[in-house]
Ligand code: FDA
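In structure tokens, the structure reads:
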């Protein structure tokens, strides 16, 4: 718990980034979670996964931008990504995930509007390519703004999806509001260090909240995206799909690139729609630190690689 808290705090501190990034051993460990820094690396990962029957959602790594120019670069990276995906003709099997903090959401003057203005062309390009955008969810202070961007985008791009974090107390209400026809919701546990005033802090409470939200979403007419590596959750999702007579194309399981890849392939081969979240790009530090914080085994793996090199 303490280690995880320290790693999550470090994830938000760019000053520590250089120390971690410059370690040669880091690269080998990062490769497990991030297929590469270039667009070509991302496209190669998409080809490999789709050959295994696994759909993808691509994340151009970046978050917490501090000026508009950086936010414009995020937009342009996504437009280039959607262009690069077009020849693969995968349609909805290759979509994109965006973090609005990379689009300027936290900029002091009108950040919300900047993010909406810059993400809109990405949603337009995705629709033109026959695919969708999913809005990742960041710390709890961004939820209202992100859900407002979702509402705006869905007017013209109804397939736009959002992420709900089961750990937040508010999420059951948000899940009820979003369990409607046409809505795409990725339910996750939540990767940010949140105060107990707004979030469940104990694993067992987060798991119970996840189960309640999952039931709401699977019972509704929307398209639930079950974002978890947890075997108990995956089993429960299949039980609920059977109980509500859901067709295999009316919901999906999502896992992160490099985590339980055998299970991703196994589920896909058994007929479940599976999508891997594929992050790529140079700015992998925050993403990588959150993955370390999630699982002590990942930290052990990282430390071992530092001493064995
Ligand atoms: P948890 O970490 O509690 O693990 C439960 C069990 O799963 C473990 O006991 C083990 O059995 C299995 N497991 C987990 N990791 C494993 C591993 N590395 N190897 C083998 N088994 C493993 N968060 C957020 O705040 N905003 C977001 O937008 C997103 N987006 C997102 C997209 C997708 C597709 C996923 C899968 C996750 C996210 N997340 C996220 C992250 C999410 O909030 C959460 O931190 C991680 O998914 C970890 O939680 P789990 O549900 O996987 O279970």
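In UniProt numbering, the protein residues as written are 1 to 309. We treat Cβ as the ideally placed atom computed from N, Cα and C, and that holds for glycine.
Just to check my reading of the structure: residue i and residue j have Cβ atoms closer than 8 Å, yes? What is that Cβ distance to the nearest angstrom?
i	j	result
residue 218	residue 246	7 Å
residue 102	residue 71	7 Å
residue 104	residue 149	The pair is not a contact, with the Cβ atoms about 11 Å apart (cut-off 8 Å).
residue 222	residue 180	6 Å
residue 54	residue 275	7 Å
residue 214	residue 226	7 Å
residue 188	residue 228	7 Å
residue 310	residue 210	Since the first residue shown for the chain is 1 and the last is 309, residue 310 is missing from the structure and cannot be characterised.
residue 193	residue 8	4 Å
residue 289	residue 11	4 Å
residue 96	residue 57	6 Å
Tell me whether residue i, by its Cβ, gets closer than 7 Å to a heavy atom of the ligand FDA.
i	result
residue 274	no
residue 140	no
residue 229	yes
residue 133	no
residue 165	yes
residue 289	no
residue 191	yes
residue 264	no
residue 184	no
residue 105	no
residue 295	yes
residue 212	no
residue 249	no
Apply the 10 Å Cβ neighbour rule to residue i and answer buried if 16 or more other Cβ atoms are within range, or exposed otherwise.
i	result
residue 309	Confidence is the limiting factor: at residue 309 the pLDDT is only 43, short of 50, which leaves the residue's position unreliable, though a coordinate-based value still follows. Its Cβ having fewer than 16 others within 10 Å, residue 309 is exposed.
residue 118	buried
residue 139	buried
residue 87	exposed
residue 291	buried
residue 239	exposed
residue 35	buried
residue 131	buried
residue 165	buried
residue 267	buried
residue 75	buried
residue 161	buried
residue 224	buried
residue 52	exposed
residue 196	exposed
residue 156	exposed
residue 297	exposed
Going by CA-CA distance only, name the one from the options that's closest to residue i.
i	options	result
residue 124	159, 145, 229	159
residue 84	43, 249, 242	43
residue 186	193, 196, 174	174
residue 135	292, 282, 291, 277	277
residue 60	280, 298, 285	280
residue 242	258, 272, 268	272
residue 182	164, 201, 197, 220	220
residue 260	12, 7, 32	32
(request) Please go through the stretch 239-282 and give each complete beta strand (DSSP E) segment of 3 or more residues, from N-terminal end onward. (result) 252-256, 274-280
(request) Would you mind listing the beta strand (DSSP E) stretches within the stretch 118-172 that are 3+ residues and don't spill past its ends, in chain order? (result) 133-135, 161-165
(request) Please list the segments of the beta strand (DSSP E) lying wholly inside the stretch 184-246, counting only runs of 3 or more residues, in order along the chain. (result) Complete beta strand (DSSP E) runs here, min 3: 184-188, 223-227.
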